[in-house]
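Worksheet for the structure shown next.
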Amino acid sequence: MLKRVAMAVFVTLTGVAAASAQTPAAGQQPTSMQQPTTPAAAQPPMMSSDVVETRPATTTFMGDTGLWFVPTGEILPAKRWSFSAYRVNFDYNEGFTDASNWPVTLGVGLADRAEIFGAFSVVRRIDRDVRPVFTGTQGGGLANEYPFVRQGWSGNQLGDLWVGAKVNLSSQWRQQPAAFALRGMVKIPTAKDDEEGVGTGKVDFSLDGIVSKEINERVELSGFGGFIVRGKPDGVELSNGIRWGFGAGFPTRKNLRLTAELHGEAYRDDNVRLSRRLVGEDGSIAPANTNL
Numbered sequence: 039m040l041k042r043v044a045m046a047v048f049v050t051l052t053g054v055a056a057a058s059a060q061t062p063a064a065g066q067q068p069t070s071m072q073q074p075t076t077p078a079a080a081q082p083p084m085m086s087s088d089v090v091e092t093r094p095a096t097t098t099f100m101g102d103t104g105l106w107f108v109p110t111g112e113i114l115p116a117k118r119w120s121f122s123a124y125r126v127n128f129d130y131n132e133g134f135t136d137a138s139n140w141p142v143t144l145g146v147g148l149a150d151r152a153e154i155f156g157a158f159s160v161v162r163r164i165d166r167d168v169r170p171v172f173t174g175t176q177g178g179g180l181a182n183e184y185p186f187v188r189q190g191w192s193g194n195q196l197g198d199l200w201v202g203a204k205v206n207l208s209s210q211w212r213q214q215p216a217a218f219a220l221r222g223m224v225k226i227p228t229a230k231d232d233e234e235g236v237g238t239g240k241v242d243f244s245l246d247g248i249v250s251k252e253i254n255e256r257v258e259l260s261g262f263g264g265f266i267v268r269g270k271p272d273g274v275e276l277s278n279g280i281r282w283g284f285g286a287g288f289p290t291r292k293n294l295r296l297t298a299e300l301h302g303e304a305y306r307d308d309n310v311r312l313s314r315r316l317v318g319e320d321g322s323i324a325p326a327n328t329n330l
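Residue 39 is where the sequence shown starts when you use the numbering used here, and the numbers rise one by one after that.
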């Protein structure tokens, strides 16, 4: 079943990270070394230029180069780095749950071919509006991403740490038609899964393929598709998912940028199954099966 479809439009002021969407310097043509026909003092040899330009870029809330939720196939140049801070919000039907995260991200470019990155949610707040906390209907069941939430308000808690790497296989700065990359990420479960219930306590994995292209040095289009495998907490069977998204950012070479995106996840299983007793703060009992 198709779930978690979100559409967003943002105006972003970039604190500009230079992405490896590098372009040759204006008028630059490949040149080669030639043996001079006159003495070197009279005719110096021609040298190829290593000068390249970089264009402004933003990061995703996961820390890699991208729009906002949708990554791009481009990466940071070698030894360049990016830093960002976000507030990210997701809503879930189950429990009418509102989950807000404040991630801080960091990324580093490697050899113009890859970037490593991470995002740590320094604050996580989860608000579950249904009363009683659990009911036998879909709206009173368990959220797939936060199955252990058992109170109306979590307060300020630490979230999870995500780390990953993106490998760039083609790039427009290398005179290729579009940028293509593979991105892998791992969730390190630093969020509490006991009393506050703001995490699962298990490791998650994800892998995405990404294609993007800058058009006429004005608009960047990007799309991705991949999957996420969620760890299995004790007594709960969570669903894995197929993730997708596409978006556009423009203008690409200015500090003020408009971003429009559509992204979502299709759960592989329509149910979250609970095989242990989970009691809400008000004494209500979580259902054994939640239809997503």
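Every residue, glycine too, gets a C-beta built ideally from N, C-alpha and C.
What is the residue span of the beta strand (DSSP E) that residue i lies within?
i, result
"asparagine 206", "199-208"
"threonine 135", "135-148"
"valine 161", "152-166"
"threonine 297", "294-305"
"leucine 312", "309-312"
"valine 257", "257-267"
"threonine 328", "327-329"
"tryptophan 119", "119-123"
Does DSSP classify residue i as helix, strand or coil?
i, result
"glutamine 195", "strand"
"glycine 279", "strand"
"arginine 212", "helix"
"glutamate 319", "coil"
"glutamate 132", "helix"
"glycine 101", "coil"
"glycine 177", "helix"
"phenylalanine 288", "strand"
"leucine 220", "strand"
"arginine 110", "Here the sequence assigns threonine to residue 110, which means arginine is not the residue at that position. Residue state, collapsed to three classes: coil."
"asparagine 182", "coil"
"proline 271", "coil"
"arginine 93", "strand"
"valine 187", "coil"
Under a Cβ-count criterion, where at least 16 other Cβ atoms within 10 Å of its own Cβ denotes burial, should residue i be classed as buried or exposed?
i, result
"leucine 312", "buried"
"tryptophan 191", "exposed"
"aspartate 198", "buried"
"alanine 63", "Confidence at alanine 63 is low in this model, with a pLDDT of 37, below 50, so the placement of that residue should be treated as unreliable; the coordinate-derived value is given next. Exposed, since its Cβ has fewer than 16 Cβ neighbours within 10 Å."
"isoleucine 248", "buried"
"lysine 270", "exposed"
**Asked** Fully enclosed by the stretch 223-247, which beta strand (DSSP E) runs are 3 residues long or longer?
**Response** none
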